[in-house]
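Take a look at the structure set out below.
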Amino acid sequence: MKNKKKLITTIASLALVGAISIGATLAYLSAQTDVMTNTFTSVGSNLSIQLREPAWDGYQFDELNNGKQPDGQSAKPGAEADKLGITEAANFAPGSTAAKNPMVKNDSDQDVWVAVVVNTSELPDYVEVAWENGTNWKIVHNPNGTTFAYYKSTLAPKASTEAVFTEVSIPATVKEVDETANYDVTVKAYAIQAANVDDVNAAIGGFAQEFPEVFSK
């Protein structure tokens, strides 16, 4: 077995967009935050969502790290560190499982549609992601290593989603790991207003229209 490889923390960002109907055309009012880590607030759209991974670093929704948004680089003080994914990721090797459970909370005063983009293109083929591909998320895997996860129902104010995935692991059957590999997992969360967007298929079209550089790939 080669040297154990550290799993880099999820880097998360957020883009928010509001939708209104103008005549027969669905027009989108958009706003995007600066790049930050794990939690973001919209600017100018009256939409606000949070992104958290409590199983990774121990931070729940609305919790801050010394008054700042958690950056995914350290565990929450007082958390049971030995049970967190960030601890397991420090010695990521065959047989390792690092808990990672990105979830989104709607901080807006209106319903929203939520989508999450996960980039695993840097992960070696032997690394497995435990996707929650059930009744809650519509998961679309792309050949370029980017996965689109669309929440199948609207998210009410103050409500939160289930996790997009729950863990990242290397099977014990893997004999050695690539010590030169990049183990980055990038997660970005997006939201659009639910008004005038009737179902998840319409929402998928809305995300592609507003963010073609992301959702049309």
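Heads up: the sequence shown begins at 1340 in my numbering, then just goes up one per residue. All C-beta atoms, glycine included, are put in the ideal place defined by N, C-alpha and C.
Check: Quick one: Cα of Q1399 to Cα of K1407, how far?
Finding: Near 13 angstroms, if we compare the C-alpha coordinates of K1407 and Q1399.
Checklist line | For F1546, the three-state DSSP class (helix, strand or coil) | finding: helix
Notebook entry, point to check: Fully enclosed by the region 1498–1530, which beta strand (DSSP E) runs are 3 residues long or longer?
Noted result: DSSP runs (the beta strand (DSSP E)) wholly in the region 1498–1530: 1504–1508.
Margin query: Can you look up F1431 in the DSSP assignment and give me helix, strand or coil?
Written below: strand
Note to self: Please state whether the Cβ-Cβ distance between P1496 and D1537 is less than 9 angstroms.
What the structure shows: no
Item checked: Euclidean distance between Cα positions of A1366 and S1555 -> Its pLDDT being 35, under 50, A1366 is placed unreliably in this model, and the value from its coordinates should be taken loosely. Roughly 18 angstroms between the two C-alpha positions.
Check: Cβ atoms of G1411 and W1395: under 9 angstroms apart, would you say?
Finding: Yes; because the gap between Cβ atoms is below 9 angstroms, this pair is in contact.
Margin query: To the nearest angstrom, how far is the alpha carbon of I1543 from that of K1527?
Written below: 15 angstroms
Notebook entry, point to check: To the nearest angstrom, how far is it from the Cα of P1393 to the Cα of A1428?
Noted result: 15 angstroms
Next item on the list: Measure the alpha-carbon distance for N1475 versus F1487 and round it to whole angstroms.
Entry: 13 angstroms
Next item on the list: Ignoring anything shorter than 3 residues or poking outside the region 1463–1495, list the beta strand (DSSP E) runs there in chain order.
Entry: 1467–1470, 1476–1480, 1485–1490
Check: Roughly how many angstroms lie between the CA atoms of E1549 and K1514, to the nearest whole one?
Finding: Per the coordinates, the alpha-carbon of E1549 lies some 44 angstroms from the alpha-carbon of K1514.
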